[in-house]
Every structure is written in C-alpha cells, then in structure tokens.
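For the record, the sequence lines run as chains A and B. Position one of the first sequence corresponds to residue 800 (this note's numbering), numbered consecutively onward. Position one of the second sequence corresponds to residue 7 (this note's numbering), numbered consecutively onward. Glycine is no exception: its CB is placed at the ideal position from the N, C-alpha and C atoms.
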Amino acid sequence: MSQLTLYGLAAAALFALGLYGLLAYAHLLRKILAVNVMGNAVFLFLVALGRTDPQQTNPVPHAMVLTGIVITVSATAFALALARRLHREVGAVDLDAQSRRGEALDSTQTEESGKS
Amino acid sequence: MTATLFDALLALLLVWLGWRTVVSTNLFNAVVLFVIFGLLMVLCWARLGAPDVALAEAAIGAGLTAALLLEAYRDLTGNDPHHVHDVEDSPLRWPLAALCGLLFLGLVATGWQLAPPTELGETVHARVAESGVENPVTAVLLNFRGYDTLLEVAVLMLALLGVWATNGPHATLGSRQTLDPDSALIDAMVRLLVPMAALVCSYLLWAGAHAPGGAFQAGAVLAGAGVLLHLAERLQPLGTASTSSRALVTVGLFVFVAVACYPLVYGGRLLAYPDGQTKALIFLVEAALTVSIAHSLTLMFSGGRAFQRGRR
C-alpha cells in the first residue's frame, strides 16, 4: 500500500472519530480535543495528498498546514478561555448542564412572576 | 517493505490514539493521549517529507497545545486528576456512531477519487529562485501566498483579543502553587533551557530562508521559553495591558502590513516585494512575526495582558 492510501485511511478514520467525540460527549474539554483530532485529520490528508512523488514534495499543502496549525492553537486557546468563563459563571463545563440551569432559572422566574 | 510496515504501524497507532482520546472515560487520560497523538503526528510529518510542518507541530501542536490543555484541565476540574469521568449518555449515540461510520466510508470513497494536485507544487519549485528565499515553504508562506500569512497573523491577534475579552477584568492570575519556584532543579532548568530556546529560536528564524524553519517555528519555541519562565514565576502576568505589551503583540502585523503596502507607494501591487530587497524584507517581516507570535502565545497561555519581571 502506498503512503497516500495508509495515511488517507487514517485521516478519514480520525475525522469520523473526532466528529463522533464532538457530537456524543457533553464535556467541553472533550469537544475541544475532538475538534483538534478532526483538524489534525484534515492536515494529515492534505499533506499525504501532496506527496505523490517521494523525490519532490509539494510545498503548497505544507505551507497551508503550517498556517492551519497556528490557527488551530489560537482557536483552541480561545475555546478554552470560553470554557473557563462558562465554568466560572455557571459552575458547569458542559452545555447540557448550562441549558438545564437556564431552564431552572426560567422556571423560577416564571414562578416568581406568577406569585406576584 | 520496512518503510511501509512502519507507515502502517504509525497510521494504526494514530487512529488508536485518536479513538482513545475520544472515548476514554477519564478526561485526564484523554488529554495525555492527545498530547502523545501530537508527538506521533510529528513523526508522521517527518515520514511524509514535511520537515517544516514537523517542526511547527513539535513546538505548537504537541508543545504549547499540551500546556494549554493541561492548564485548562486543572482549572476546569478543580485539580482532581482521577475523578473526572465523562461518559456519553446521549440516547443518540448509536445513530451517531452509525452516521460517523457512514461518513468514514464516504470520505474514503471521495478521497480515493481525488487526483493529487501537482501543478502548483511544480510552479513553486520552478519559480522559487524569484522569491528571494531558497526554502519553498517559506517562499509560499511569505511571498507567493503572503496574503494567507498576513490574515493568519490577524487571526492570531483576534484570538488573543478574544481570550482577553473572555477572561474579563476578574481573571485570576499567577496563583499556581503546583511547583516550587525556588527549588534548585527549577532554577538550573530555567538557566539552561531559556538561553537554549533563544538560541534555537534565532537559528530557526535565520535558517527559514534556506532550510526547514521560519517565523512560526521560531516564535513557538520562544513562546515555550516564555511559558517556562511564567510557570517558574520569573514572569508575572498582569491584568492590564501595558503599552510595551500591546506593541509586542501588534508589531508583526504592523510590519507585515507596512511591507505589504510599501509597493503601492510607487504604483506596484499589494504584497509584491520590490526587486532586490525581497530577501531583506522577508527577513524583517519574519523577525517581527516571531516576536509577535511568541508574545501572543505566551499571553494566551497565562491569560494575562502583559508581563512584568517576577519576584525571583
């Protein structure tokens, strides 16, 4: 099997795994990890596709992936800052708990307005 | 044969680590597995003939991302490394798994039909002599596709502004107490590693013109030194941005924009370097970018807006 086949298959599997992690898990840190796995899968596919000839490499995907790596770390840092803020504001690190808390707040507010 | 076996093993390991990162019930394990995943990606880039990407991945993907994730893990879980279980309890998990399996098959089928792009790479190799630098990746990043890099630096700055805005004015800074900054070991490590990192940073910056390296790798290595200084309390993060800190964050973007607009003065095109000065201008831009990238990444890690000399 060629390198493209091997790493292309790995990239497709990693992308699907990352998407599953992003959708099926509630914890925000897990979601951020999953998105990072998906990103790495895309990078892997780009570079593997650019390597058709072992003697001469294609520098265009390399430059794109380099840019992508820096963007990924920026986005990850921003996402982690958002998760921290959510943790500080509502004490939860998953979106479900936050929405549950939101519903609880809504219902208490409705009750209060009903009383008055 | 041996090479193919190695590639197959590496690809399998990557998929296994990615899978464990996603499904491991203990989140701390998931973070550590992801860091190992990043390290194996470095090997993978080396195997695929992408040394520039391997360097960036080692410094940013495996190094700084690991520090960011571990730091966030501690903040989000209250420093309790063994009691965070995160199990998928969604009733939709089987349909989701099936959907993602279908996506995998679809990706394989689509990827199989994609013709590898070669024309652009050949053009770059044919015209790299005109770019002012000998390393084709640097030529693409700072000359042929300078636009991408310019916007990338802007995105990095925006992300830092986002982190600042999200932290708000009440960010808790500088309360670590996870390691003893006075221990002889930390002191010796800082004294040895920080000058080494500065040396490696300058080498990568200078080498970027003709060999693997460049502003991003150099900036990330310098940011690693900054993170170490911050953890060892040699650098104290501050909650308010000083003028010098703002200047360090923006100098890369400003220098790049100035160099990009300079040809407009005499009727040239945006980002077209003037003849004869290409190499010097690219180096100037790369040096400014290195400073900005290193400072921005270190600030993102610490959550602060500026640094002052620490107590030690």
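Under the Cβ distance rule, L822 of chain A counts among the residues neighbouring chain B, one pair being separated by less than 8 Å.
Any Cβ of chain B closer than 8 Å to the Cβ of G807 of chain A would place that residue at the interface, and such an atom is present.
A straight line joining the alpha-carbon of G258 of chain B with that of S302 of chain B spans about 10 Å.
Under the 8 Å criterion on CB atoms, I192 of chain B is classed as non-interfacial with respect to chain A. Neighbours of L818 of chain A in chain B, taken as residues whose beta carbon is under 7 Å from its own, are C106, L109 in chain order. A straight-line Cα-Cα distance of about 42 Å links V29 of chain B and A293 of chain B.
Contact with chain A is found for Y79 of chain B, since one of that chain's Cβ atoms lies less than 8 Å from the residue's Cβ. Under the Cβ distance rule, N149 of chain B does not count among the residues neighbouring chain A, no pair being separated by less than 8 Å. Non-local beta-carbon contacts of H236 of chain B in its own chain, meaning distances under 6 Å to residues more than five positions away in sequence, involve S308 in chain order. Between L865 of chain A and V143 of chain B, the CB-CB gap stays under 8 Å. Taking the CA atoms as reference points, L19 of chain B sits about 10 Å from W25 of chain B.
Between the beta-carbon of G220 of chain B and that of T304 of chain B there is about 19 Å, and that puts the pair past the 8 Å contact cut.
Within the segment 66-77 of chain B, the residues whose Cβ lies closer than 7 Å to some Cβ of chain A are I66, G67, L70, T71, L74, listed in chain order.
Counting only the Cα atoms, V271 of chain B lies some 42 Å from L879 of chain A. The beta carbon of T284 of chain B sits closer than 6 Å to the beta carbons of G138 from its chain, once the five residues preceding and following it are set aside; these are given in chain order. When beta bridges are read from the DSSP output, L18 of chain B appears opposite no residue. With contacts defined by Cβ atoms closer than 8 Å, A64 of chain B and V48 of chain B form a contacting pair. Scanning B:L98, B:A56, B:V37, B:L15 for the CA closest to the CA of A823 of chain A turns up B:L98.
C-alpha of L821 of chain A to C-alpha of A103 of chain B: approximately 11 Å in a straight line. The beta carbon of G849 of chain A falls within 8 Å of a beta carbon belonging to chain B, placing the residue at that interface. Look at the segment 863-888 of chain A: the residues with a C-beta under 7 Å from a C-beta of chain B are V864, L865, T866, I868, V869, I870, V872, S873, A874, T875, A876, F877, L879, A880, L881, A882, R883, R884, H886.
Closest in C-alpha terms to Y209 of chain B, from the list B:A224, B:M195, B:V200, comes B:A224. The beta carbon of G316 of chain B sits closer than 7 Å to those of E239, R240, L241, Q242, all from its chain and outside the five residues before and after it, given in chain order. Beta-bridge partners of F313 of chain B (DSSP): B:P243.
Contact fails between the segment 850-864 of chain A and the segment 828-840 of chain A, because fewer than three Cβ pairs, one in each stretch, are under 8 Å apart.
Note: D893 of chain A is bridge-paired with A:H826 in the DSSP secondary-structure output.
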